[in-house]
Every structure is written in C-alpha cells, then in structure tokens.
Amino acid sequence: MILIFVASLNENVKLAQKLQTQLNDKKIESEIINLVELNLPMYDTDKEQNDGIPQKALELSEKMKKASGYIFVSPEYNFSVPPVLVNMIAWVSRIGDDFRELFSLKKIQLATHSGSNGIDLMNSLRAQFTRLGSIVMPREIVTSYTNPLREDSSDRILDHFSSLIKE
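Per the working numbering, numbering through the sequence shown is continuous, rising by one, with the last residue being 168.
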C-alpha cells in the first residue's frame, strides 16, 4: 500500500489523482490522504500535554506503519513546505518512543504542482525526510500551469519507485 499525501487542494489533488491512476494501472494499491481535509489541530506542546495526540493522528500513524511507501504531493508555500504538511509531520513524530519511526527506511516519492518550479520545496522535503531516515527517490514529479504533467515521465518515475517498494 502506498499512501499519497496531498498538502493542498485543487491542482495538487488532481496531480495526486493522476498518480494514483498510474499506480492502479501498475496494480499497486494506494490511498490518497488530503491533509487539508484531515484537519489536524495545530501542533503545540501544551495541546499535546493537555489533550494528548489527536485520534486522527493516531489513526494516520497506523496507516503509515502498514504502508510500504509514501508519495508527497505538495505546492511550494513561500519557498518552502506548506504548514499543513509540517503540522502532520509534527504530530506523527510525537507518537511512540522514536520520532523517526514512521519515516525510517520508508521509500518516498516527491511531487508538486507549484506556481514556481517547486525546487525550494523539493530541497526542503528531501532534506527533512532524509534526516528522518527515509529513502527519497532521486527524481521528482514537477508540474506547473506552464509545465503540465508528462505522463510518460511520471510513469517511468513511478516504475522506479514501485520497483524499490517491491524489494
């Protein structure tokens, strides 16, 4: 099972759906999780101490434990990572004794539909996930309004990703 995390609405959701279709064509099961719709409360230590880990974050962590890999589809916000994605990582990293548990040795494919080229986002995510112990695929899927998805290219990228997942 591949979890496809979407960190916005509109064009990134459409990109996630196209990638899911390509995975389905390869007979690879996947699930799209829209982090905006997940609506996790903003992380802070007082909230965690007073209210505990939100049930939605606990349920998400169980799905993440069972997944063989993740695809993150996100726009670039102010040359970096959108708050909704940072917030999700903050919550799930607080579950269990090892903050890297849900990312350590997980295979990750990065994708974006951004108004710019998304390069700062890709670099930020690559650095963070690598530090969390993940294996981040070397090629990204990058689209914009002037650079639509090249399905032949994304298909090859997903072939490489899925071959690593099957190992």
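Built from N, CA and C at the ideal position, the CB exists for glycine as well.
Counting of Cβ neighbours within 10 angstroms places Tyr71 among the buried residues, the total reaching 16 or more. For Ala68, the three-state secondary structure derived from DSSP is coil.
A direct Cα-Cα distance of roughly 10 Å separates Met123 from Gln110. In terms of CA proximity to Phe6, Ile34 leads the group Ser125, Ile34, Asp47.
In the three-state reduction of the DSSP assignment, Lys19 falls in the helix class. A straight line joining the alpha-carbon of Val87 with that of Glu77 spans about 12 Å.
Listed as beta-bridge partners of His114 by DSSP are Thr144.
With distances taken between CA atoms, Asn79 lies nearest to Ile120 out of Ile120, Pro42, Pro55, Val93. Your pair Ser62 and Val14 does not check out as a contact, with CB atoms roughly 23 Å apart and the cut at 8 Å. Under the Cβ criterion (8 Å, minimum of three pairs), the segment 97-107 does not count as touching the segment 140-149.
For Tyr78, the pairing in a beta bridge is given by DSSP as Ser81.
A straight line joining the alpha-carbon of Leu24 with that of Val82 spans about 25 Å.
Judged by DSSP secondary structure, Ile33 falls outside any alpha helix (DSSP H) and instead within the beta strand (DSSP E) spanning 31-35.
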